[in-house]
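Numbering (our numbering), first residue to last: -1 to 335.
Shown next, in the form of structure tokens:
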């Protein structure tokens, strides 16, 4: 695999190498020509305006394209940011629901103390990644004979949704609702499918766990608050919902399959760098302006040595050759990223 990427990168350097060799060769040949034939200097001077026009025209096209692309990217990013703020608010509402559930009395007596005291510092991520051997506490937890009907895992999962950083060990005293969630934390939520616990415990396996998860003990006022928050998340999905196991199962499914993937994708898109093709064209633009416009203009205005005009011509021809031999390859590489 490494050899494959090595040869691929080497192949992409070939146009640059040949363009450089072409530039050096042209400088040498044109310099030799001016030394042998003095009339050739006049020919070069007369051709300078043509080269300036060609370089200026290409630079103008690239500049217009870059400007239009920047405007398009800016508008697209504004749309992404707007969508991100909506999805982020959904995540805020979901975490508010989780906070209510964690503080409720639906858990078996002693469960919270068992997790928060006896296994203080243990996180859901530690348990899911026990195979990495980074947490002895996670291994001890998994070796324990659980006395709370296996609802310990659901409790740990819901706790993880209230963290503000992936390596956090405890829920912050003041719950944070950031404008942008920590990217590593969102990756962890997505990687370990946080939210699916609600689907599993209240959906697929509720018949097994209904004796250990007493949702009727959630205060009626809190039930109404949870329903209101769910309607703020998605009115169409949760309209006319009642607080029961079906609702909680649907909520977990919606968050794990709809909200978290979109949150991750939109956050990634909102901070994405400029496309490489724009960097490619920007450097072409700079070289064309410097060597195709400014340098020959300086030659004409300040009567610089003919070598400067030779360098200008050689660079412009080499740049055009580089564009012709590398642009298609560069676009293909961009598409396959």
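We treat Cβ as the ideally placed atom computed from N, Cα and C, and that holds for glycine.
Using 8 Å for Cβ pairs, my map puts residue i next to residue j. What's the rounded Cβ distance?
| i | j | result |
| --- | --- | --- |
| residue 297 | residue 285 | At roughly 17 Å, the Cβ-Cβ gap does not stay under 8 Å, so residue 297 and residue 285 are not in contact. |
| residue 82 | residue 264 | 4 Å |
| residue 303 | residue 46 | Going by Cβ atoms, the distance from residue 303 to residue 46 rounds to 14 Å, so no, they are not a contact pair. |
| residue 139 | residue 123 | Not a contact, Cβ separation roughly 13 Å. |
| residue 281 | residue 64 | Incorrect: roughly 11 Å between the Cβ atoms, too far for contact. |
| residue 163 | residue 180 | 6 Å |
| residue 57 | residue 291 | 7 Å |
| residue 147 | residue 202 | That belief does not hold up - the Cβ atoms of residue 147 and residue 202 are roughly 15 Å apart, past 8 Å. |
| residue 188 | residue 258 | 5 Å |
Check for me: the alpha helix (DSSP H) holding residue i runs from which residue to which?
| i | result |
| --- | --- |
| residue 187 | 181 to 189 |
| residue 279 | 274 to 285 |
| residue 63 | 37 to 101 |
| residue 137 | 134 to 141 |
| residue 255 | Premise fails: residue 255 is in no alpha helix (DSSP H) and is neither H nor E. |
| residue 231 | 218 to 231 |
| residue 147 | Premise fails: residue 147 is in no alpha helix (DSSP H) and is neither H nor E. |
| residue 162 | Residue 162 -> no alpha helix (DSSP H), and no H or E assigned at all. |
| residue 242 | Careful: residue 242 lies outside any alpha helix (DSSP H) and carries neither H nor E. |
Here's the rule: buried if 16 or more other CB atoms are within 10 angstroms of the residue's CB, otherwise exposed. What is residue i?
| i | result |
| --- | --- |
| residue 214 | exposed |
| residue 151 | buried |
| residue 55 | exposed |
| residue 301 | exposed |
| residue 26 | exposed |
| residue 209 | exposed |
| residue 125 | buried |
| residue 170 | exposed |
| residue 237 | exposed |
| residue 18 | exposed |
| residue 167 | exposed |
| residue 132 | exposed |
| residue 233 | exposed |
| residue 3 | Note that residue 3 has pLDDT 42, beneath the 50 cutoff, so the model's placement of it is unreliable and no number is given. |
| residue 53 | buried |
| residue 195 | buried |
| residue 155 | buried |
I'd like to know whether the C-beta atoms of residue i and residue j end up nearer to each other than 8 Å.
| i | j | result |
| --- | --- | --- |
| residue 21 | residue 316 | yes |
| residue 157 | residue 100 | yes |
| residue 161 | residue 113 | no |
| residue 85 | residue 261 | yes |
| residue 120 | residue 135 | yes |
| residue 137 | residue 224 | no |
| residue 312 | residue 28 | yes |
| residue 336 | residue 91 | In this structure the chain extends from -1 to 335, so residue 336 is not present and cannot be described. |
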